[in-house]
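Colleague: Using the UniProt record's numbering, the letters of the sequence shown map in sequence onto residues 1 to 276. Just so you know, even glycine gets a beta-carbon here, dropped at the ideal spot from N, CA and C.
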Amino acid sequence: MNQRLQRYLPGLADSWNLVLLMIFAGSILAYLTNFAIGLIFPQSKGWVEMLTYPLIFVPPLLLILHSTKQSLAGHITPVPVNEPHFGSIGTFLSFTLILPLVFALNYITEPLTMWMGVPEFIEVFMRQIHENKISSLLSVVIMAPLLEELFCRGIILRGLLTHTTPLKAILWSSFIFGIMHLNPWQAIPAFLLGLFMGWIYWKTHSLWSVIYIHFINNGFSYLITILYPELPANTGFYDIVPGNLYYMLFAIALIYSVTVIYTMHKSYDHTISAKI
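#1: Judging by CA-CA distance, which residue of Leu137, Ile261, Thr162 is the nearest neighbour of Ser94?
#2: Is Ser88 buried or exposed, if buried means 16 or more other CB atoms sit within 10 Å of its CB?
#3: Just tell me which of Thr52, Gln186, Pro100, His85 has its CA closest to the CA of Glu123.
#4: Closest to Tyr53 by C-alpha separation, out of Glu83, Arg127, Leu146, Leu223, would be which residue?
#5: Between Leu21, Leu51, Thr235, Trp16, which lies nearest to Thr113 when the distance is taken from Cα to Cα?
#6: The alpha helix (DSSP H) with Tyr222 in it runs from where to where?
#7: From Trp202, Asn183, Pro184, pick the residue whose C-alpha is nearest to that of Ser173; which is it?
#8: Spatial neighbours of Leu18 within its chain, please: CB distance less than 6 Å, with the 5 preceding and 5 following residues excluded, ordered by chain position.
#9: I need the DSSP call for Leu1, collapsed to helix, strand or coil.
#10: Expressed to the nearest angstrom, what Euclidean distance is found between the alpha-carbon atoms of Ile179 and Val81?
#11: Given this structure, state the Cα-to-Cα distance separating residue 296 from Leu51, to the nearest angstrom.
#12: Can we say the region 183-200 touches the region 32-44, given the rule of at least three CB pairs closer than 8 Å?
#13: Write down the C-beta distance between Phe119 and Asn183 rounded to the nearest angstrom, noting that I regard them as a contact closer than 8 Å.
#14: State the Cα-Cα distance for the pair Ala104 and Ala36, rounded to the nearest angstrom.
#15: If you run the structure through DSSP and keep just helix, strand and coil, what is Trp185?
#16: Compare the C-alpha of residue 305 against each of Arg127, Thr77, Thr33, Gly11 and name the closest.
#17: Which same chain residues end up closer than 7 Å to Pro175 when comparing Cβ atoms and leaving out the 5 residues on each side of it in sequence?
#18: Alpha carbon to alpha carbon, how far is Gly117 from Gly142? Give it in angstroms, no decimals.
#19: Does the distance from the C-beta atom of Leu21 to that of Leu63 stay below 8 Å?
#20: Should Arg4 and Thr77 be called a contact, given that it needs their Cβ atoms to be closer than 8 Å?
#21: Since Leu227 and Ser15 should fall inside the 8 Å C-beta cutoff, what is the C-beta to C-beta distance between them, to a whole number of angstroms?
#22: Taking the alpha-carbon positions, what's the Ile252 to Ser267 distance?
#23: Quick check on Thr204: buried or exposed, where buried means 16 or more other Cβ atoms within 10 Å of its Cβ?
#24: Using the C-alpha atoms, what's the distance from Leu137 back to residue 313?
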């Protein structure tokens with residue numbers, strides 16, 4: 001399996017085929033499975049939807065396995081999915097700096113999305129999270145970072161980096177990551193976070209670093225939903241941080257983000273693609 005993934009390097013058209021297959025065929029597969037389990041075990045409604053989420057990735061995986069049958073012969077140079085290089089900063093310090101950086105980036109990009117209304121199905125999803133804490137934890141905090149990062153960064157971005165420039169590859173993979181969420185309220189933040197995760201993956205070739213970023217982001221949202229169920233789904237930092245403190249924290253978050261990203265840019269010296 002790992003050898004096949006290393007030799008599967010999709011271009012833009014192939015990447016869109018994977019995404020469309022996931023959205024349509026994968027969603028149908030997950031829905032039919034949910035429906036069948038619901039008929040057999042009526043009491044499973046709510047949590048089973050969370051645990052069947054990985055099924056949406058089965059059709060793209062089958063396409064990848066089919067497409068790589070011939071590539072094992074050796075005419076395609078493999079590109080590892082995970083080959084981390086953290087430069088002079090090192091792994092431990094990188095992961096330490098990333099933790100507050102995720103919160104800082106969320107803080108300073110929040111004004112770009114807070115004007116949008118929350119879709120009704122998102123509010124339903126939030127209630128399901130609170131009602132099904134364990135299955136939601138497994139799905140949202142564990143499986144989503146693992147599967148989505150393998151798919152969007154480990155497969156799609158890695159492939160695009162062999163076909164086009166890093167800038168275009170990161171932009172397209174982030175756009176695809178946003179589209180996967182199927183609604184603007186989640187798509188725009190996902191696109192913005194995808195830009196950062198794509199840049200990190202390109203600079204470090206570390207799949208686990210972007211899984212870690214995704215885990216922090218989803219884990220924080222999960223904790224807020226569980227601990228404060230009375231908060232509206234569109235509650236932001238601006239709503240809960242009083243007056244001048246909000247702007248002071250915004251400035252601190254901006255300075256921290258710029259400083260850390262600049263330091264990473266100077267320190268991470270082993271990119272996946274040498275193209276500019």
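Modeller: A quick look at the data gives this:
#1: Ile261
#2: exposed
#3: Gln186
#4: Leu146
#5: Thr235
#6: 207-227
#7: Trp202
#8: Pro60
#9: Leu is not the amino acid found at residue 1; the sequence shown has Met there. Correct three-state label for Met1: coil.
#10: 23 Å
#11: Missing from the structure shown is residue 296; the chain here goes from 1 to 276 and no further.
#12: no
#13: Residue identity differs from the one stated: residue 119 is Pro in this sequence, not Phe. Between Asn183 and Pro119 the Cβ distance is about 5 Å, and since that is below 8 Å, they are a contact.
#14: 43 Å
#15: helix
#16: Because the chain is modelled from 1 through 276, residue 305 falls outside the range shown and cannot be assessed.
#17: Pro is not the amino acid found at residue 175; the sequence shown has Phe there. The answer, listed in chain order, is Phe191.
#18: Going by the sequence as given, residue 142 is Ile instead of Gly. When rounded, the distance between both Cα atoms is 27 Å.
#19: yes
#20: no
#21: So it is not a contact: roughly 37 Å between Cβ atoms.
#22: 22 Å
#23: buried
#24: In the structure as shown, the chain begins at 1 and stops at 276. Residue 313 is therefore absent and cannot be evaluated.
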